[in-house]
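Numbering (the UniProt record's numbering), first residue to last: 1 to 421.
We put the CB at the ideal spot given by N, CA and C, even for glycine.
Only a predicted model underlies this, so the values are computations on that prediction, with no experimental measurement involved.
#1: Expressed to the nearest angstrom, what Euclidean distance is found between the alpha-carbon atoms of residue 392 and residue 379?
#2: Taking 7 angstroms as the limit between beta carbons, can you name the residues of its chain near residue 396, skipping five residues before and five after?
#3: Does the stretch 306-321 come close enough to the stretch 244-259 that 3 or more CB-CB pairs lie under 8 angstroms?
#4: Between which two residues does the beta strand (DSSP E) containing residue 282 stretch?
#5: Quick check on DSSP: helix, strand or coil for residue 179?
#6: Hey, would you say residue 74 sits closer than 8 angstroms to residue 17, going by beta carbons?
#7: Between the stretch 277-292 and the stretch 178-188, are three or more C-beta pairs nearer than 8 angstroms?
#8: Between residue 190 and residue 23, is the Cβ-Cβ spacing less than 8 angstroms?
#9: Alpha carbon to alpha carbon, how far is residue 101 from residue 19? Give it in angstroms, no decimals.
#10: Kindly give me the distance between the Cβ atoms of residue 148 and residue 325, rounded to whole angstroms, as I take these residues to be in contact under 8 angstroms.
#11: Taking its Cβ as the centre, do 16 or more other Cβ atoms sit within 10 Å of residue 369, making it buried, or is it exposed?
#12: Let me check understanding here. Comparing Cα to Cα, which of 227, 215, 328 lies closest to residue 245?
#13: According to DSSP, what are the bridge partners of residue 149?
#14: Specify whether the stretch 295-308 and the stretch 169-180 touch according to this definition: at least 3 beta carbon pairs, one from each stretch, less than 8 angstroms apart.
#15: In whole angstroms, what is the alpha-carbon distance linking residue 40 and residue 14?
#16: Considering only residues of the stretch 24-98, which uninterrupted alpha helix (DSSP H) runs meet the minimum length of 4 residues and lie entirely inside it, listed in chain order?
#17: Just tell me which of 86, 78, 54, 42 has its CA closest to the CA of residue 63.
#18: Sorted by chain position, which residues of the same chain lie with C-beta nearer than 6 angstroms to residue 65's C-beta, five sequence neighbours on each side aside?
#19: List the DSSP bridge partners of residue 409.
#20: Give the straight-line distance between the Cα atoms of residue 224 and residue 217, rounded to the nearest whole angstrom.
#21: Could you give the residue range of the alpha helix (DSSP H) that holds residue 207?
#22: Which of the three DSSP states is assigned to residue 233 in this structure?
#23: Since residue 347 and residue 315 should fall inside the 8 angstroms C-beta cutoff, what is the C-beta to C-beta distance between them, to a whole number of angstroms?
#24: Give a yes or no on whether 8 angstroms exceeds the smallest Cβ distance from residue 221 to chain C.
#25: Measure the C-alpha to C-alpha separation of residue 43 and residue 123 and round it to an integer number of angstroms.
#26: Out of 333, 213, 344, 172, point me to the one whose CA is closest to residue 249's CA.
#27: In angstroms with no decimal places, state the Cα-to-Cα distance between residue 203 and residue 169.
#28: Do you know whose CA, among 364, 387, 400, lies nearest residue 307's CA?
#29: Rounded to whole angstroms, what's the CA-CA distance from residue 267 to residue 10? Just pull it up for me.
#30: To the nearest angstrom, how far is it from the Cα of residue 390 to the Cα of residue 171?
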């Protein structure tokens, strides 16, 4: 991979600054926000300031009105969450006085910007762009990879010649994850050091900034527990037992991980169809490389069939790709999961604004069982015309039709149909 990778968020940023007074780029630390912001500045002008700098932070908090009043436009403020509510209110004052599009680009590594006391300052004035770690399409240098859109509009176009991706390629990619730095590091021990440092920084600095915990080690333990359960149902009592805390405390701690974009929940699908479904969400880490690191697994350890961590990691890998695809569509598709009281389950149910549905099952084998699509067929028959397509994603090479609106596709179909950059 080259030094700079084309990011789909860059085009979103350009488009949105033409319309909105304030654009907020949200995403985990080290996902590439600063690079995107500086590339935007170099191409389109503006002034970049980072609140990771102690001197810049002192200026922003000491006199926020003067800080935002001076400088070029757009004024790009990185890690803006460090500046707090006063800084955002100063931004609000500027854009209310002169409602010109593209005045400010703010970025943050926490969802601190979306809590009521802060978001109210910019309600109706700002729009959010989620910037996650690199997608496989971005890593592969492919633009226009539109897996979700194709599933809804022309699913048959995804059936193609054999994929060059082998099982070993998938294992290597999912263990590296999407953060730009560990992708570039060939040494396994150096990658471990990077992930160790990353976890330490986020739990001991970023979360402590808004949570003020007496012992940040509980968050590190919770991350490991969440990694072991990534792709499974979220049971707070289970996490609480593992941590030795109350269910309420486990819920609070997990919300901190979500605030810094390290974990996410996929809600149970809410449908009007006559399905007796459970309402428990699923828990995921938002990077398969981080999950693999916390589970202490490598591509070599995952190579033998039947490794207990493999299924959850492959599902996490697919989820993170769907999450990034969803961000590229500005949230046009909702991602849920389905499990009914009779034990039938579908890993991902993607619903469009018109109520149409695409269902996805993830298998960690290179040769799924003949009945791997049975729950997709069941859902198709229940939904009728609402059901657009069902897909079994697996670690093999070939694409097949499995009958009416159901396909078997390699996981690589998520990114392989874009155009090489």
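On the basis of the data shown:
#1: Between residue 392 and residue 379, the C-alpha separation is close to 13 angstroms.
#2: Taken in chain order, the residues that qualify are 366, 367, 410.
#3: no
#4: 282-285
#5: coil
#6: yes
#7: yes
#8: The answer is no: Cβ separation not under 8 angstroms.
#9: If I take the Cα positions, the gap works out to 5 angstroms.
#10: 5 angstroms
#11: Exposed, by the Cβ-count rule.
#12: It is 215.
#13: In the DSSP output, where bridge partners are listed per residue, residue 149 has none listed.
#14: yes
#15: Distance between the alpha carbons of residue 40 and residue 14: 8 angstroms.
#16: 33-44, 54-62, 64-69, 84-97
#17: 86
#18: 90
#19: 393
#20: 11 angstroms
#21: 207-211
#22: strand
#23: 6 angstroms
#24: Within the model displayed, chain C is absent; a lone protein chain is all it includes.
#25: 28 angstroms
#26: 213
#27: 31 angstroms
#28: 364
#29: 29 angstroms
#30: 24 angstroms
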